[in-house]
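So the protein sequences, as listed, match chains A and B.
Taking the numbering used here, the leading residue of the first sequence gets 81, the next gets one more, and so forth.
Taking the numbering used here, the leading residue of the second sequence gets 79, the next gets one more, and so forth.
Built from N, CA and C at the ideal position, the CB exists for glycine as well.
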Amino acid sequence: MNAHHRATRRALSRALSRALARPFSTSSPKPSGAAFPLKHVTKSNFEPALAELRQHLRAADFVAIDLEMSGVTSAPWRESLEFDRSDVRYLKVKDSAEKFAVLQFGVCPFRWDPSTHSFVAHPHNFYVFPRQELPVDGPSYEFLCQTTSIDFLARYQFDFNACIYEGISYLSRQQEHEALRRLNGAYEDTLSDTRCNLKEVRDVRLDRMADILFTERIKNRFSEWRDGLLRDRIGGFQLQWNSNDSKQQFQTIFFKMRPAISLTGFTSHQFKLIQWVINKHFEDLTYVHVTGENFCSQQLVVYTESKDDIDLLMKEVKDEHRRGAEMKIQSAIGFRQVIDLLSSEQKLIVGHNCFLDIAHVYSKFLGPLPLTGEEFVSSINKYFPHIVDTKLLLNANYVLQQRMNKSSTSLSSAFARLCSQIAFGSESKGLAFLQPVQVEVQVDDIRTSNWNSGAKHEAGYDAFMTGCIFAQACSHLGIDFKLHLPSENLAHNEKLYKQINHLYLSWTNGDIIDLSTGKIEEPLGTKYPKKQYSKILFENIILIWGFPSKLKAQEIRQCISKVFSPTSVTSVYHLDESAVFVQFSKAGFVSDFLVLKETLERSDGPISVLHPLAKLLEGGNTRAASYEIYKDICSSPISEVLFADQAEAVGIKWKTQVIEPKLAVESQENGSFREDNAIRNVPKSAENSEHNVEKDILSGHCEIIDSLSTAEANQM
Amino acid sequence: MAALLSLLPQRRCLCTKSHKKWSVKQVTKTNFEESLSEIKTHIAHSDFIAVSLQRTGSVSAPWHRFLPFDTSHTAYAKAKRAAERFQLLQFAVCPFSIRDSKLLAHPYNFHLFPRDELKIGMPSYSFSCQTSYLTSMAREGFDFNACIYDGISYLSRAQESAAILQMRNPIPITHVVKSSSTPSVADSVFIERIKSRVKYWRNACKDSSGNRDEPLLSSLRKLVLGTEEYGSRPCMNIDVCSERQVQLVLEMLEEFSDDLVPLIIPAKGGATQAVRVILTSSKEDKVLLQNELQNLQEEQTKKVRGFREVIDLISASHRPVVSHNSLNDFTFIHSKFLTPLPPNVDEFMCSLHLVFPHILDVQQLMKEIGPLRKVTNIPTAISYLKDHFFAPIDMETLHQDTANDGKIHGHNVLRIAHLFAKLCSILQIAPTESGNKSLVPALEEYANILNPCSMSPQESTDGDISIWTNNTRKVSCEHLVFLWGFKRTMTAGILKSLLQGSHDVFSEEFDVRLVDKSCAIVVFWKPGLSKTFLNVMNSKEICGSLRELVSEGLRAACYATYKRVCSLGIWEADLAESLEKALEEPDCLRKTDSGTNPLEVYWFSDLVINLDEL
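Structure below.
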């Protein structure tokens, strides 16, 4: 409650200060509407909020979501780069989703209200924290924080205390299955091991006088009680203990329809002794340990009529244990219930540039992310059959591009541009839009058509903005909500059909992935604004790292051009300060370069300073490999800040990756290497390279396999 | 939260009761400047400095904690991993003195956050958080918002040098070292050209200083002369192509040292881009400018160092630093505030010693008092001492009780100081000698022992383990064997009984303990049997029930494999998994065993590794 209120107060004061600041900053002095906060959900109000959300989701036409994470990239070179092939891009997204935590989850169902001709939005802001609720026999839960991301959230007054103190915990489906499986295993074990447990108890040795006296007393007490029971089967079997103290320690109760004594106020050693006494001296009494409804444990001695009855009792006790444990698991599912709802309702899910968000949803709430993008896409499609991305929608459609008038498609600027009547509280800002879509906001019992919580970068508010953009975009695309029947799913609307289930795999290079087919497409629509490079040919790319740090891209290009030809290098691109991609004009150069480097470094003695590559190979730590190695390095769970350190940490020990023989031969056939002017700079041994190649391949090949297996092993 | 709310006031009561006078000054970036000068004087006037750290995590799996069989090498590898992975959120520093039975303490609690203040990706790109750790901090009322919003940032010494290169601020040159090499022809030509340019510019500036040109003329003049302005003074930039030219220009400028002040303008990547020359109007003005530049530079470095100023103060004071868990604390301090951690413990100790010559771990002193040697909790230790010894310590903190906002952070550092004072009193060590600020000989023998597993300070000198022979037995690492590949529900007792009949080697005395759920450690008390056992495990002649066990998956490895696990950093959740991987590693031939490694660890006959603690 405390945290919730704190957050509430915070949002209120923020909204207020915004409202005060607005008349000075914008031309529309009209005060924004009601400034009540969005619905914050923490573990204290989760259950009622979930029940309410269930109703809203059922009635919704679409649901907007947004996530706040503890970070995005675990190393600078893991950011999205132009030279990332789609499979590499997936690996980077996977790494991010696996390492960082979701701190806030915004869910905002939108429902068309025909009576008011407007949407009703219910923004929810869930604080999420991966608390370890169940005892797990494995590593402790850890997550990474990217310093800049945390600082960013702090600048927007993110309430970390609310998140850590009060955040809702969760179990993924896989974690739940695992917990249940372990429970079943333990259950089977205990069923078969009952006797074994008894045996262990029998090992108690009575060394101390106090123990002997104590057990003697216990034995007498219980035989008295048992005899009392047998004597008095029909009447009440109240046993008269001598003192009040004993009455509290031994309380007669009924347990599973059997007379029993509940034991309290003993030490664990004494409990052990009692258990030993019962097992040793009483055939018809059974010692059981149960966990009560309110999770307090109880030690009992139960009277049983026969041997069969003992077995029956034990089974009943164990079943109860199991039920208790199952309930614990059930309650540990926590926030995943929201995700299960989203999945089962099959509503259209709206996100803004949301591929990473979806990957987080998968890894946190379903299970470990698959190794390849294809597998990921096909299984996400099963859980969430309809997803639409507003960023893609805005960029893909000509009408909308016009509306956006070339302004940025970031969430807040798209919101300001398309939904100004909501963003600024004015009816329309000069621009005669077709029809601004009205959105009313309802939080608990308060409803308004003119809402502004102003809580930008709160997941709940961001989800709200995303939904508003989507509604407005639909209207621009010609979808008339007035004619729209509540029964038909927006996802099947022909005007949206092309964009449904299409997400940006990477905004940097505009690759789009189709979740329903798994295909990766070139940028949709008229033209993609950010695409500056001509098509990247990954087989022409070589990766170089570990070179002297002062070397700049231009110098590297010169070095290599001198050896091959002035036009041999298409582009040089810095991965970070320690590594570059070099794109050649021909795939053949890749293997030529690798062979040359290998030869240069194998010849004894230092490389001649006159050789053009000497500058690049200076220091003797320069490594080179084909693009595939980059993919392997990306798939490693390790994240060193510098790429060169990463490659070393992944376990690459060779200096030059030697390429497959087929390619090497091809490159010889292509022949440009030989005709090149620079050939005279190549030392003599290069002429033997054809003979050496095979040996190199043998040795080099083994090394590659090694490095691969370490990478795989690390992943396990 | 309701439960938490009801707990909080209670806790607060307790705290205010026990720390009535113990007010710890909370420092964030808003009051850092003032606190820094304050703590400076306090450090100067105190005899010891206690430190205590609040981290975002410690160990990821049960076997990653320090175990009784860890050597200083493996313990260091474990501490190193934690220090590199996790982050510091609070750093409590308490300069204190002990006068008779009075403890004079000045506790400060610095809130830290590795904010990238200079936008250069430092001090920390990212860091790990352990959920259970954060949850338990929350239970103690830790204010994460205060820490993240207002925490003080810092750069390590290594990062500072890198940052200075990256920021490319002009560097004033106060002293030029004459180069020994004679100038070449090209050098002379270059020098003459620059010299005449400087002369011309200097004269032109001086001429024009008197008469007032019209704006057009003065801007034209500027254009022709290439003159710019540095503050109110004229300056010009001399472009250079090499460090040699920088040297030549600086030497040449010596001639004009009466009124010209040179500044180096760094280029990207550490080289020099240009030399900037500033013209001052007189000798006095030159001194003024030089002071200005110096202040500017100090201001800049202050901003860069942030909290590290405090570390530098502690280091410069040469006061003994008192800590609890010193290996953990100082691996963090080294990696966050000095330089990245070196690969092995010897280098680490050397490097640390240069910065902190005397480190005292209260744990080492506690080992002198038999029953305390395994107590790791400070309050427990204090209450034990209270009950068993008469050593009243009067604590006096010298902060005014600043409007008590119920913050309860950083009291641990006071407890450490308190415990230290009590221990000194009980062990009859006079912690200081009058008039002498260096460490007293009685404490010297406890100093700089960081390995939590080393049993007593005497051990390092004569190998005497005197008092605890009844349940501590010395054992060579050679006699230890790691076993894994058994059922996860196995207990040490059952495993021992399984092994007992399986082979002849087990007919002699041996012990089995579980390290974690996946792996056990076996000690052979009779020399040589461990080797025999390992040979048997690898031979074809293996037979009987041992063969059965092996076919069910039982595997064994020697202590060297464990060392390799630690030095290669194979930190899997299960030790068994890590050992398997270390065996698969191709470079078994690496020389991991140098002769200096202490090959002896201690075996507790009552060794219990509590798996529930994590």
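Listed as beta-bridge partners of L623(A) by DSSP are F661(A) and A705(A). For S715(A), DSSP records no beta bridge to any residue.
Only buried fits R133(B), as 16 or more other CB atoms lie within 10 angstroms of its CB. Ranked by Cα distance from S386(A), the options D141(A), D364(A), R158(A) and E698(A) are led by D364(A). Of all residues in the segment 217-251 of chain A, only D217, G218, P219, S220, Y221, E222, F223, L224, C225, Q226, T227, T228, I230, D231, A234, D239, F240, N241, I244, Y245 and E246 come within less than 7 Å of chain B when Cβ atoms are compared, listed by chain position. The beta carbon of E511(B) is closer than 7 Å to those of V518 in its chain, skipping five residues each way along the sequence.
In the displayed model, A349(B) falls within coil according to three-state DSSP, outside both helix and strand. Membership of V649(A) in the beta strand (DSSP E) is indicated by the continuous run V649 to D656.
DSSP, reduced to helix, strand and coil, places F294(A) within a helical segment of the structure shown. G135, S138 and A139: these are the residues of the segment 120-149 of chain B whose beta carbon lies less than 7 Å from some beta carbon of chain A, given in chain order. Taken in chain order, the complete alpha helix (DSSP H) segments of 4 residues or longer contained in the segment 561-617 of chain B are 570-578 and 607-616.
Per DSSP, A155(B) has no beta-bridge partner at all.
Contact between the segment 617-635 of chain B and the segment 562-577 of chain B is present: three or more C-beta pairs spanning the two stretches fall below 8 Å.
F206(A) has V121(A) and F185(A) as its beta-bridge partners, per DSSP. Here K464(B) is not bridged, per DSSP, to any residue.
Not a single CB atom of chain A sits nearer than 7 Å to the CB of L492(B). Remark: three or more beta-carbon pairs, one from each stretch, lie closer than 8 Å, so the segment 515-525 of chain A and the segment 185-203 of chain A are flagged as touching. For I593(A), the beta-bridge partners assigned by DSSP are L583(A) and I600(A). Taking CB atoms only, F385(B) has no neighbour in chain A less than 7 Å away. Between the C-alpha atoms of H396(B) and E635(A) there is a straight-line separation of about 48 Å. Neighbours of G151(A) in chain B, taken as residues at a C-beta separation under 7 Å, are given in chain order as S204. In the DSSP assignment, D472(B) forms a beta bridge with K180(B). With a cutoff of 7 Å on beta-carbon distance, F180(A) and G151(A) are scored as near each other. At a cut-off of 7 Å between beta carbons, R177(B) makes no contact with chain A. Residues of chain A with a Cβ closer than 7 Å to the Cβ of Y227(B) are, in chain order, A234. The bridge partners DSSP lists for L474(A) come to none. Put simply, the CB of N223(B) is near chain A, with a gap under 7 Å to one of its CB atoms. The C-beta distance from S719(A) to A155(A) rounds to 4 Å, short enough to fall under 8 Å.
Between T305(B) and the set K284(B), Y227(B), I342(B) and Q325(B), the nearest pair of CA atoms involves K284(B).
Contact annotation for A727(A) against chain B: no contact, minimum CB-CB distance about 16 Å [criterion: below 7 Å]. A straight line joining the alpha-carbon of P215(A) with that of T213(B) spans about 14 Å.
The contact set of S671(A) on chain B, defined by CB atoms closer than 9 Å, is empty, because the minimum CB distance reaches about 26 Å. Taking a 10 Å sphere around the C-beta of S160(A), we find 16 or more other C-beta atoms and assign the residue as buried. Look at F445(A) here: in three-state DSSP terms it is helix. In the three-state reduction of the DSSP assignment, C313(B) falls in the strand class. Put simply, the CB of V721(A) is near chain B, with a gap under 7 Å to one of its CB atoms.
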